[in-house]
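Okay, structure first, notes after.
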Amino acid sequence: MSKIRWKIACLLFVLALDIVFLRGMYHSYVQAKDTLFIPVNGDSEEINEVRRQFSGDKQIALTFDDGPDPVYTPRLLEGLKERGVHATFFLLGENVEGKEAIVKQMYQDGHLIGSHGYSHVQMSKEEIKTACELIEENNKKIEAIIGKRPQYLRPPYGAWTEELECTIDMTVVMWDIDPLDWKAQNARKVVRHIVKNVEPGDIILLHDVYPTSVEAALEAIDTLIKQGYTFVTVDELLVD
Ligand SMILES: [Zn+2]
-5 MSKIRWKIAC
5 LLFVLALDIV
15 FLRGMYHSYV
25 QAKDTLFIPV
35 NGDSEEINEV
45 RRQFSGDKQI
55 ALTFDDGPDP
65 VYTPRLLEGL
75 KERGVHATFF
85 LLGENVEGKE
95 AIVKQMYQDG
105 HLIGSHGYSH
115 VQMSKEEIKT
125 ACELIEENNK
135 KIEAIIGKRP
145 QYLRPPYGAW
155 TEELECTIDM
165 TVVMWDIDPL
175 DWKAQNARKV
185 VRHIVKNVEP
195 GDIILLHDVY
205 PTSVEAALEA
215 IDTLIKQGYT
225 FVTVDELLVD
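The sequence shown begins at -5 in this note's numbering and counts up one residue at a time.
Structure, rendered in structure tokens:
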């Protein structure tokens, strides 16, 4: 064998070794990465949770409960429109009465409309039949206004039990960040809590029935947009 041929043979051998080594490394990397996605108890909610954390997107969702309010909700809708931000509203049936135009506007602006039940009761303490009727009543009410049945449900106080299977066709949405805006009623405090604690994939709980909450939401949006966050509705966040 000539010297050059010998050199080429050596080179090819080294190259082959490198490829084998790199492939091995890649496989162990993929395996390590996959184990991060294995849920502890096999629950699909867990999978969502884990994927959201590792998606790498700085997406978050603002959610507003208890509305609509005749004054503060339109103010919030205006501010969201100016900023090109979409949010999720969990409407209380009782408060929808007489404010159908606001709900329509909300829907036309591209926000997601969910249900907070008909009245602000702890559903887990109600008779299952009563709780189901109250959920259904609000669904019908909202559907009559926007022509679409709500798919997402936030039970008041986050009180929910698996027995409430009547709403199996709805997705129950809880939250990650609760700045207790209803208690603080102080925009600065609420903004500080959100900005300090928020992480990509988080769902933030607010109430559009307080002027301080509306002010806080808009200020938090301005701050977090500068930090590279984007705002999505909960259906966009929960879908992989
Ligand atoms: Zn509520």
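The C-beta atom is built at its ideal place from N, Cα and C for all residues, glycine as well.
The structure presented is a predicted model; accordingly, all values stated were derived computationally and were not measured.
With a threshold of 16 other CB atoms inside 10 Å of the CB of residue i, please say whether the residue is buried or exposed.
{"i": "residue 63", "result": "buried"}
{"i": "residue 175", "result": "buried"}
{"i": "residue -1", "result": "exposed"}
{"i": "residue 87", "result": "buried"}
{"i": "residue 216", "result": "exposed"}
{"i": "residue 81", "result": "buried"}
{"i": "residue 35", "result": "Annotation note: pLDDT 36 at residue 35 (below 50); position unreliable, coordinate value reported separately. Exposed is the call here."}
{"i": "residue 79", "result": "buried"}
{"i": "residue 65", "result": "exposed"}
For residue i and residue j, what's the separation of their Cα atoms in angstroms?
{"i": "residue 239", "j": "residue 200", "result": "The question about residue 239 has no answer here: the residues shown for the chain are numbered -5 through 234."}
{"i": "residue 171", "j": "residue 225", "result": "14 Å"}
{"i": "residue 192", "j": "residue 1", "result": "58 Å"}
{"i": "residue 113", "j": "residue 182", "result": "30 Å"}
{"i": "residue 124", "j": "residue 202", "result": "27 Å"}
{"i": "residue 48", "j": "residue 151", "result": "At residue 48, the pLDDT of 44 sits below 50, so the modelled position is not reliable and the matter cannot be decided from this model."}
{"i": "residue 148", "j": "residue 127", "result": "15 Å"}
{"i": "residue 73", "j": "residue 233", "result": "26 Å"}
{"i": "residue 146", "j": "residue 91", "result": "20 Å"}
{"i": "residue 238", "j": "residue 142", "result": "There is simply no residue 238 to check, as the chain begins at -5 and stops at 234 in what is shown."}
{"i": "residue 154", "j": "residue 198", "result": "19 Å"}
{"i": "residue 61", "j": "residue 105", "result": "14 Å"}
{"i": "residue 129", "j": "residue 96", "result": "20 Å"}
{"i": "residue 157", "j": "residue 84", "result": "21 Å"}
{"i": "residue 94", "j": "residue 77", "result": "24 Å"}
{"i": "residue 131", "j": "residue 231", "result": "27 Å"}
{"i": "residue 75", "j": "residue 138", "result": "24 Å"}
{"i": "residue 117", "j": "residue 220", "result": "39 Å"}
{"i": "residue 120", "j": "residue 164", "result": "18 Å"}
Excluding the five sequence neighbours on either side, which residues of its own chain have a C-beta within less than 6 Å of the C-beta of residue i, listed in chain order?
{"i": "residue 173", "result": "184, 187, 188"}
{"i": "residue 223", "result": "52, 54"}
{"i": "residue 134", "result": "none"}
{"i": "residue 210", "result": "181, 184, 185"}
{"i": "residue 70", "result": "202, 208"}
Where do the N-terminal and C-terminal ends of the alpha helix (DSSP H) with residue i fall, by residue?
{"i": "residue 53", "result": "Careful: residue 53 lies outside any alpha helix (DSSP H), inside the beta strand (DSSP E) at 53 to 59."}
{"i": "residue 174", "result": "First-last for residue 174: undefined, no H or E at that position."}
{"i": "residue 231", "result": "228 to 232"}
{"i": "residue 187", "result": "181 to 191"}
{"i": "residue 158", "result": "No alpha helix (DSSP H) contains residue 158, which DSSP labels as neither H nor E."}
{"i": "residue 120", "result": "First-last for residue 120: undefined, no H or E at that position."}
Within the same chain, show all residues whose beta-carbon is closer than 7 Å to that of residue i, passing over the 5 residues directly before and after it, in chain order.
{"i": "residue 28", "result": "Residue placement at residue 28 cannot be trusted, given a pLDDT of 33 that sits under 50; the coordinates are not used to answer."}
{"i": "residue 101", "result": "107, 140"}
{"i": "residue 178", "result": "184"}
{"i": "residue 168", "result": "152"}
{"i": "residue 166", "result": "147, 149, 154"}
Let's see if you can read the secondary structure: which residues bound the beta strand (DSSP E) around residue i?
{"i": "residue 242", "result": "The question about residue 242 has no answer here: the residues shown for the chain are numbered -5 through 234."}
{"i": "residue 82", "result": "82 to 85"}
For residue i, which residues of its own chain have a beta-carbon under 8 Å away from its beta-carbon, when the five flanking residues on both sides are left out?
{"i": "residue 99", "result": "68, 71"}
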